[in-house]
Every structure is written in C-alpha cells, then in structure tokens.
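Engineer:
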C-alpha cells in the first residue's frame, strides 16, 4: 500500500524555488532541499525524481509567480511605455516579501548557458523567446520603425532586461530607476 503524502507539492516546490532563486542550481544540495522543503530525500525522489526534477518544477512555479506581470504587459497597448512599465514591474516583484532579488530565469540562464541541459535550456529559450516576441510586438506600434530597427531594439531590450535582473541583486532602488530611465532614453 502506497504511503499518503504528508505535504502539499505546490508548497514544497515554492520553498525549493526560493532556495534555487537564492543559491542557484549547482550550489543547492539535496540536504539543503530536504531542510528547506521540510521533506526527506525519499519523498523528494518519489515525487520529483531528482534534484533536477525539483528544479524544473521550481522554474514552472516561478513562471506562475511572474505570470501576472506578463499578462499585464501582453494586454497593454502603449508600445514602448508598456515595455518600460514591464521593466519597473519586474523589479517590483523582487520587493514582494518572501521573494528573492533578481530573476530566477536570468540567474538560471547565466548558470546554464554553457551546460548541455536540453530541458532547462528549452525552458530558458521559451521564456526568453516569448519575452523578445512581446518586445517586438510593442515596438511595432511605432510606424516609424523598420523591421531591422525593431529587431535590434528588441535584442537591446532583452540584454537590458538581463542587466536589470542582475542589478536588482546588488544596486540601490535609485540606481535601478536611473538604469531603467536611461535604457528608455536610449531607445
């Protein structure tokens, strides 16, 4: 007879997500996961298969956490102003109690950029590809921009967003505001 789980998967994944967000994948040990999640290694392996399985579920949990700012961004119709608002909103999510600084996806993107992990890389490529498409969609609202300019600016904004995510880990709110304002002054 199978044992009944004595934990709620979404809750333990949220805890694991925060641990990975703080420390990264490589620096997070199974012992750390056990302690943070409040479940034993057997339960982790039984429910998620491995540390990697917990990590993939953590990435999915993070996507859910930031879904609202992406929906707001996607459904807005003020072009470049929407992108700027998205930058500010993505910083604000770090200021929510219990959240870590930076962006879990940017942190993961940096950590896994040289690793051949198809599952994680697919998660990263989907996330970054969707973000770039949203930038392109918003930039296209300006009829004076040609396709080449739009693509260059979308690439610029994607890199600026990576920089912003990294900066939120160490820079002051005033420095972050200046960074965002200068990013859009240069657009």
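In our numbering, the protein residues as written are 209 to 395. C-beta: ideal position from N, C-alpha, C; glycine also. The structure presented is a predicted model; accordingly, all values stated were derived computationally and were not measured.
#1: Under 8 Å, do residue 376 and residue 274 count as touching if we go by C-beta distance?
#2: Less than 8 Å separating the beta-carbons of residue 228 and residue 263?
#3: In the DSSP assignment, the alpha helix (DSSP H) including residue 270 goes from what residue to what residue?
#4: If you draw a straight line from the alpha carbon of residue 215 to that of residue 246, how long is it in whole angstroms?
#5: Under 8 Å: do the stretch 233-246 and the stretch 275-285 share three or more Cβ pairs, one atom per stretch?
#6: When the distance is taken between beta carbons, is residue 347 closer than 8 Å to residue 361?
#7: Taking residue 384 as part of the alpha helix (DSSP H), name the residues at either end of that continuous run.
#8: To the nearest whole angstrom, what separates the beta carbons of residue 373 and residue 314, a pair I think is in contact under 8 Å?
#9: Considering residue 371, what are the terminal residues of the alpha helix (DSSP H) in which it resides?
Structural biologist: Short version:
#1: Residue 376 is not a Cβ neighbour of residue 274, given a cutoff of 8 Å.
#2: In contact: residue 228 and residue 263 (Cβ atoms closer than 8 Å).
#3: Unbroken alpha helix (DSSP H) run through residue 270: 259-283.
#4: Roughly 9 Å between the two C-alpha positions.
#5: Cβ pair count under 8 Å is below three, so no.
#6: A contact, by the Cβ cut-off of 8 Å.
#7: Counting along the chain, the unbroken alpha helix (DSSP H) around residue 384 starts and ends at 381-393.
#8: Their Cβ separation, rounded to whole angstroms, is 4 Å, which keeps residue 373 and residue 314 in contact under 8 Å.
#9: From DSSP, the alpha helix (DSSP H) with residue 371 extends over 355-375.
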